[in-house]
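Notes to accompany the following structure.
Numbering (my numbering), first residue to last: 74 to 333.
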């Protein structure tokens, strides 16, 4: 599927990643309009891709796009969106974090077709998964081009996946902890990094294979009875690692749902 014209209100990291993914060969869109804010990113994209046009302002993006992405910070979302004029039936995709769908509709003030999504930076390489709510075939097709679309049947499903996406920094934090421990214990930093990064990447690739076992089965598979992996997992559980992680996810979900 190909969408003729796609626009981005907000030109930050996620917009750049999406544009790069959409215009990788074969290109998904014939025209992409980006707002002039974050001028460096907008100018870089326009310089690399002939199909990218820097709009005069945010309204110019809306006026020239069949599908409009709202890719702005939640702190300024209301001010920016209320200032825009949308047509009834306009297709709008919000990637604004932690913002209620009804609030977005109120700010838009028109009978638009609104979908929310959580694209991650990996879409630049057409990898990774993007949560989409409510289910929408056109938006799902776009994100299937950029990796894999996970269509959520309820707001709860969408919020849960949003909470799960908060694990990215912790993932790298675990890698940093191991690399730092190796260095402190006497291994050259570069060698630790060279070992740890592909180790974690290989584990993720195994888990992502179609038809693979549940995560619990993989954990059991790699935790040989009486072995080192079993020892670390046991210590992690006994010393509160799983409880701390679960508590952190509960806190993130409460924030997403507006309960704190």
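Idealized CB from N, CA, C, for every residue including glycine.
As assigned by DSSP and simplified to three states, the class of residue i
{"i": "residue 311", "result": "helix"}
{"i": "residue 81", "result": "strand"}
{"i": "residue 159", "result": "coil"}
{"i": "residue 142", "result": "strand"}
{"i": "residue 178", "result": "helix"}
{"i": "residue 129", "result": "coil"}
{"i": "residue 185", "result": "coil"}
{"i": "residue 406", "result": "For residue 406 there is no data in the structure shown, the boundaries of the chain being 74 and 333."}
{"i": "residue 222", "result": "strand"}
{"i": "residue 264", "result": "helix"}
{"i": "residue 322", "result": "helix"}
{"i": "residue 294", "result": "helix"}
{"i": "residue 302", "result": "helix"}
{"i": "residue 116", "result": "helix"}
{"i": "residue 316", "result": "helix"}
{"i": "residue 256", "result": "helix"}
CB-CB length for residue i against residue j, believed under 8 Å
{"i": "residue 202", "j": "residue 181", "result": "Going by Cβ atoms, the distance from residue 202 to residue 181 rounds to 27 Å, so no, they are not a contact pair."}
{"i": "residue 124", "j": "residue 103", "result": "7 Å"}
{"i": "residue 280", "j": "residue 288", "result": "7 Å"}
{"i": "residue 87", "j": "residue 192", "result": "6 Å"}
{"i": "residue 157", "j": "residue 132", "result": "6 Å"}
{"i": "residue 141", "j": "residue 82", "result": "6 Å"}
{"i": "residue 147", "j": "residue 171", "result": "6 Å"}
{"i": "residue 106", "j": "residue 128", "result": "5 Å"}
{"i": "residue 80", "j": "residue 135", "result": "6 Å"}
{"i": "residue 204", "j": "residue 244", "result": "Between residue 244 and residue 204 the Cβ distance is about 17 Å, and since that is not below 8 Å, they are no contact."}
Option in the options with minimal Cα separation from residue i
{"i": "residue 153", "options": "143, 116, 160 and 253", "result": "143"}
{"i": "residue 323", "options": "97, 233, 82 and 191", "result": "233"}
{"i": "residue 97", "options": "328, 245 and 218", "result": "218"}
{"i": "residue 165", "options": "85, 120, 148 and 183", "result": "183"}
{"i": "residue 110", "options": "145, 101, 175 and 309", "result": "145"}
{"i": "residue 326", "options": "210, 306 and 228", "result": "228"}
{"i": "residue 130", "options": "120, 118, 121 and 112", "result": "112"}
{"i": "residue 200", "options": "320, 249 and 93", "result": "93"}
Per DSSP, cross-strand counterpart(s) of residue i
{"i": "residue 206", "result": "189"}
{"i": "residue 167", "result": "143 and 189"}
{"i": "residue 76", "result": "102"}
Cβ neighbour criterion (16 or more within 10 Å) applied to residue i
{"i": "residue 276", "result": "exposed"}
{"i": "residue 89", "result": "buried"}
{"i": "residue 213", "result": "buried"}
{"i": "residue 168", "result": "buried"}
{"i": "residue 76", "result": "buried"}
{"i": "residue 313", "result": "exposed"}
{"i": "residue 329", "result": "buried"}
{"i": "residue 74", "result": "With a pLDDT of 49 at residue 74, under the threshold of 50, the modelled position of that residue is not reliable, and no figure is offered here."}
{"i": "residue 159", "result": "buried"}
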